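Report on the structure given below.
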Amino acid sequence: MPNLTISLAQLLQLLPHARYWGTADPRTVFAQAVTFDSRAVGPGSLFVAVAGGRSDGHRFLAQAAGAGATILLGTTPPTALIGSGYLPPDAPYVQVADSRKALAVAAAALYDFPSRKLQVLGITGTDGKTTTCTLLESILATASTDAGAPGGRAGVVTTVGARIQGRESDTGLHVTTPDAPDVQRFLGEMVEAGCRYAVIESTSHGLAQARVAAVDFDVAAVTNITHEHLDFHGTRDAYVAAKALLFRSLYASPPKRGIPRCAVLNADDAGSYGALLAALNEEASIHDYHVPVRSYGIPGHSGVRLDVSAHAIDYAPARTRFTVQWWGGEFPIETKLIGEFNVYNILCAVTASLATGIPVSTIQEGVERLDGVLGRMQRMDAGQPFLAVVDFAHTPISLENALRTLRPLVGQGSAQGRLIAIFGSAGLRDREKRYLMGRVAGELADYTVITAEDPRTEDLADICRSIERGVREYADSSRYAVVLDRTEAIQYAVDMARPGDVVAAFGKGHERSMCFGETEYPWSDQDAMLAALQRRQR
866 MPNLTISLAQ
876 LLQLLPHARY
886 WGTADPRTVF
896 AQAVTFDSRA
906 VGPGSLFVAV
916 AGGRSDGHRF
926 LAQAAGAGAT
936 ILLGTTPPTA
946 LIGSGYLPPD
956 APYVQVADSR
966 KALAVAAAAL
976 YDFPSRKLQV
986 LGITGTDGKT
996 TTCTLLESIL
1006 ATASTDAGAP
1016 GGRAGVVTTV
1026 GARIQGRESD
1036 TGLHVTTPDA
1046 PDVQRFLGEM
1056 VEAGCRYAVI
1066 ESTSHGLAQA
1076 RVAAVDFDVA
1086 AVTNITHEHL
1096 DFHGTRDAYV
1106 AAKALLFRSL
1116 YASPPKRGIP
1126 RCAVLNADDA
1136 GSYGALLAAL
1146 NEEASIHDYH
1156 VPVRSYGIPG
1166 HSGVRLDVSA
1176 HAIDYAPART
1186 RFTVQWWGGE
1196 FPIETKLIGE
1206 FNVYNILCAV
1216 TASLATGIPV
1226 STIQEGVERL
1236 DGVLGRMQRM
1246 DAGQPFLAVV
1256 DFAHTPISLE
1266 NALRTLRPLV
1276 GQGSAQGRLI
1286 AIFGSAGLRD
1296 REKRYLMGRV
1306 AGELADYTVI
1316 TAEDPRTEDL
1326 ADICRSIERG
1336 VREYADSSRY
1346 AVVLDRTEAI
1356 QYAVDMARPG
1366 DVVAAFGKGH
1376 ERSMCFGETE
1386 YPWSDQDAML
1396 AALQRRQR
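If you read the sequence shown in our numbering, its first letter stands for residue 866, the second for the next number, and so on.
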């Protein structure tokens, strides 16, 4: 990575409505790092005070200055901060209207605006984002390899982690989209590594908090929008509006020479199609940039014209086959991913790839070569006579899709079998979905084990009672159990399983910690499931 520096003068040019309060000449003030975490401030840092969450960053301006920050930035007038003792009187302070957007712009400038040197694809939606991003990574890495770059020239940032030409970088515990300085750092590393493509999973939290505000996107795509994160956004309309920010950002980004642009919409998802199309039309009336809109779906699921569609779908326990029809013809697809929801994920990735100009043969190879995604319908095998699965399904719709996908696998090798679901619901998050997920499990699973999933500071028993209320809509007490300890819950389900059953743990997927109170404890559903299977085998 080259030596990184941003001057105060450059920052003020990039933030035209900012006001500088200080005596030093902006041309003589420089920063070599950008952060909003006062604990990470060191000599030569630009510290951005962000208000919200558990604390107000403006309270740490003096601490940041004492630690060596050369530029301080916030939204509060300096007179109020100086009067409260939060800001040294002679500190180089910049006042802005939106500190999160300023943070993103400053971080992008520090890394010399790396997204302008990449072909950037952003994926948003409630479910399927990580799988779709990973599919795109596989396709784009194949495209890069075809072009003569061994190992591929693609980078991806997802909630699971960041990979640059296949090299893993951890993005932390329970993250959504990483914060703006990390996003820009990953993009900078992609440029430095010679990547051509970048894929960014753009969550509603990440979009609403401007974590990707300074990324110049070339393709924006949505998987679906269902019930989730209303604890944060407040209303469904606000949640959809947050997703729409990705598409508004696409229209606001100037086109790059020789790089195609496209907005990709799921025509079969009533929760997103109309609203996002309206947002696109609104942006088109504001900006002069032309961005084609492409839709995808399965014929008969909606009345919308489809640019890309799946036909002759053949589902099997270990693979899926179908034919893709698109504006240039048709071609077959075979994948190791299973279930209708993965057909939609593939269609989303295929549409984005076709719009990007990737050859059909490369798309076919990229989809076929992907064995699976961590924590997504991941099979766990310790020699047991039944199927064990770990999956990230943590919303009512994703749980329903997962259970419907697993249902045909029940009874494999046996005349009868049961679908046994293990899941909980996170504390301090959307409370309404607890009951809704319980209803889904009560209706579609043969047996449900209700347990912990990041209760945080809420009472775990209360969370489980909310889920139980939904389960009891369809199932009596003989078809479910409440086992608060997740290790014991997984063991309970494994021990009760018979040949032909399917045991599936939902909700944690790829995550590597579980939160009790305010502490993150190491956790892995995969490790817990394998340990339970091994104990049963003894």
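Yeah, the Cβ is synthetic: ideal placement off N, Cα and C, and Gly gets one too. What you are looking at is a predicted structure, and each value in this text was computed from that prediction instead of being measured.
DSSP state of Phe901 mapped onto helix, strand, coil: To locate residue 901, count along the sequence shown from 1; it is residue 36. The answer is coil: DSSP assigns Phe901 none of H, G, I, E or B.
Look at the alpha carbon of Ala1014 and the alpha carbon of Thr1091, and state the distance between them as a whole number of angstroms. Your numbering for residue 1014 matches position 149 in the sequence shown. Your numbering for residue 1091 matches position 226 in the sequence shown. Bear in mind that a pLDDT of 40 at Ala1014, under 50, signals an unreliable position, so the model cannot answer this.
Looking only at its own chain, which residues have a Cβ that is under 6 Å from the Cβ of Arg1028, when we skip the five neighbours before and after it? Looking up residue 1028 in the sequence shown gives position 163. Counting only Cβ-Cβ distances below 6 Å, and skipping sequence neighbours, we find Val1021.
Do Thr888 and Asp977 have their C-beta atoms within less than 8 Å of each other? Taking the sequence shown and counting its residues from 1, the one referred to as residue 888 is at position 23. Taking the sequence shown and counting its residues from 1, the one referred to as residue 977 is at position 112. No, these two residues do not count as a Cβ contact at 8 Å.
Leaving aside the five residues before and after Asp1081 along the sequence, list all residues of the same chain whose C-beta is less than 8 Å from its C-beta, in chain order. One-based indexing of the sequence shown puts residue 1081 at position 216. Here the set comprises Phe978, Ser980, Arg981, Val985, Ser1118, Pro1119, Lys1121.
Using CA coordinates, which residue listed in Gly1303, Val899, Ser1343, Gly990 is at the minimum distance from Thr935? Along the sequence shown, read from residue 1 onward, the residue named residue 935 stands at position 70. It is Val899.
If we ignore side chains and look at the alpha-carbon of each, how far apart do Gly939 and Ser920 end up? Numbered from its first residue, the sequence shown carries residue 939 at position 74. Numbered from its first residue, the sequence shown carries residue 920 at position 55. One C-alpha to the other measures close to 14 Å.
Once the 5 residues before and after Ile1124 are set aside, which same chain residues still bring their CB inside 6 Å of it? Locating residue 1124 in the sequence shown gives position 259, counting from the first residue. Same-chain partners within the cutoff: Gln984, Asp1083.
Cβ of Thr999 less than 8 Å from any chain C Cβ? In the structure shown, chain C does not exist; there is a single protein chain.
Roughly how many whole angstroms lie between the Cα atoms of Arg884 and Ala962? Locating residue 884 in the sequence shown gives position 19, counting from the first residue. Locating residue 962 in the sequence shown gives position 97, counting from the first residue. Their Cα atoms are separated by approximately 10 Å.
Run of the beta strand (DSSP E) containing His1176, from where it starts to where it stops: Translated into positions along the sequence shown, residue 1176 becomes position 311. From DSSP, the beta strand (DSSP E) with His1176 extends over 1173-1181.
Since Leu1301 contacts Leu1325 with CB under 8 Å, what's their CB separation in whole angstroms? The count along the sequence shown starts at 1 and reaches residue 1301 at position 436. The count along the sequence shown starts at 1 and reaches residue 1325 at position 460. Not quite, the Cβ-Cβ distance comes to about 19 Å (not below 8 Å), so this is no contact.
Any contact between the segment 1160-1171 and the segment 1127-1146? By contact I mean 3 or more CB pairs, one from each, below 8 Å. yes
Which class does Leu986 belong to by DSSP, given the choice of helix, strand or coil? Numbered from its first residue, the sequence shown carries residue 986 at position 121. The answer is strand: DSSP assigns Leu986 an E or B state.
Measure from the alpha carbon of Val1208 to the alpha carbon of each residue in Ala1175, Ala1220, Gly1237, then state which is nearest. Here residue 1208 refers to the residue found at position 343 when the sequence shown is read from its first residue. Out of Ala1175, Ala1220, Gly1237, Ala1175 has the C-alpha closest to the C-alpha of Val1208.
Let me know the secondary structure DSSP gives Gly1399 once reduced to three states. By 1-based counting over the sequence shown, the position of residue 1399 is 534. The sequence shown places Gln at residue 1399, rather than the Gly named in the question. Residue state, collapsed to three classes: helix.
So who's on the other strand from Pro1387, going by DSSP bridges? Locating residue 1387 in the sequence shown gives position 522, counting from the first residue. Paired residue(s): Ser1378.
Do Tyr1312 and Tyr1345 have their C-beta atoms within less than 8 Å of each other? Within the sequence shown, residue 1312 is the residue found at index 447, counting from 1. Within the sequence shown, residue 1345 is the residue found at index 480, counting from 1. Yes. Within cutoff.
In three-state DSSP terms, what is Tyr951? For the purposes of this step, residue 951 is identified with residue 86 of the sequence shown, where counting begins at 1. Of the three classes helix, strand and coil, the one that applies to Tyr951 here is coil, per DSSP.
Return the chain-ordered list of same chain residues with a C-beta closer than 6 Å to the C-beta of Ala1340, the five sequence neighbours on each side being excluded. Residue 1340 sits at position 475 when you count from the first residue of the sequence shown. Closer than 6 Å at Cβ, skipping near neighbours: Gly1307.
Below 8 Å on the Cβ atoms is my contact criterion, and I expect Thr991 with Asn1089 to pass it. Report the Cβ-Cβ distance as a whole number of Å. Along the sequence shown, read from residue 1 onward, the residue named residue 991 stands at position 126. Along the sequence shown, read from residue 1 onward, the residue named residue 1089 stands at position 224. Correct: roughly 6 Å between the Cβ atoms.
To test your reading of the DSSP string, which unbroken beta strand (DSSP E) runs of 3 or more residues are found completely within the segment 909-969? 910-913, 936-939, 958-960
Pull up the CB-CB distance for Gly1374 and Phe1206, whole angstroms please, since I reckon it's below 8 Å. Taking the first residue of the sequence shown as 1, we reach residue 1374 at position 509. Taking the first residue of the sequence shown as 1, we reach residue 1206 at position 341. Not really, about 14 Å apart at Cβ, beyond 8 Å.
Just to confirm before moving on: does the CB-CB distance between Val1064 and Leu1141 stay below 8 Å? Start at 1 with the first residue of the sequence shown, and residue 1064 comes out as number 199. Start at 1 with the first residue of the sequence shown, and residue 1141 comes out as number 276. Taking 8 Å as the Cβ cut-off, Val1064 and Leu1141 do not qualify as a contacting pair.
Between the alpha carbons of Gln1402 and Ala1358, how many angstroms are there, rounded? Counting from one through the sequence shown, the residue named residue 1402 turns up at place 537. Counting from one through the sequence shown, the residue named residue 1358 turns up at place 493. The alpha-carbon atoms of Gln1402 and Ala1358 are separated by roughly 14 Å.
Could you name the residues of the same chain whose beta carbon sits closer than 6 Å to that of Pro957, not counting the 5 residues immediately before and after it, in chain order? Along the sequence shown, read from residue 1 onward, the residue named residue 957 stands at position 92. If we look at Pro957 and ignore the five residues flanking it on each side, its Cβ neighbours are Gly887, Ala889, Val894, Ile936.
If you draw a straight line from the alpha carbon of Leu946 to that of Val1048, how long is it in whole angstroms? Within the sequence shown, the letter at position 81 stands for residue 946. Within the sequence shown, the letter at position 183 stands for residue 1048. In a straight line, the C-alpha of Leu946 is about 30 Å away from that of Val1048.
Per DSSP, what kind of secondary structure is Arg1413 in: helix, strand or coil? The question about residue 1413 has no answer, for the chain in this structure spans 866 to 1403.
Buried or exposed, going by whether 16 or more other CB atoms sit within 10 Å of the CB of Ser910? If you number the sequence shown from 1, residue 910 lands on position 45. Classification for Ser910: buried.
Distance check for Val1254 and Ala971, CA to CA, integer angstroms please. Residue mapping note: residue 971 aligns to position 106 of the sequence shown, counting from 1. Residue mapping note: residue 1254 aligns to position 389 of the sequence shown, counting from 1. When rounded, the distance between both Cα atoms is 43 Å.
Beta-carbon contacts of Leu1171 that lie in its chain and below 6 Å, excluding the five residues immediately before and after: For this step, residue 1171 is matched to residue 306 along the sequence shown. Hits under 6 Å: Ala1132, Ser1160, Gly1162.
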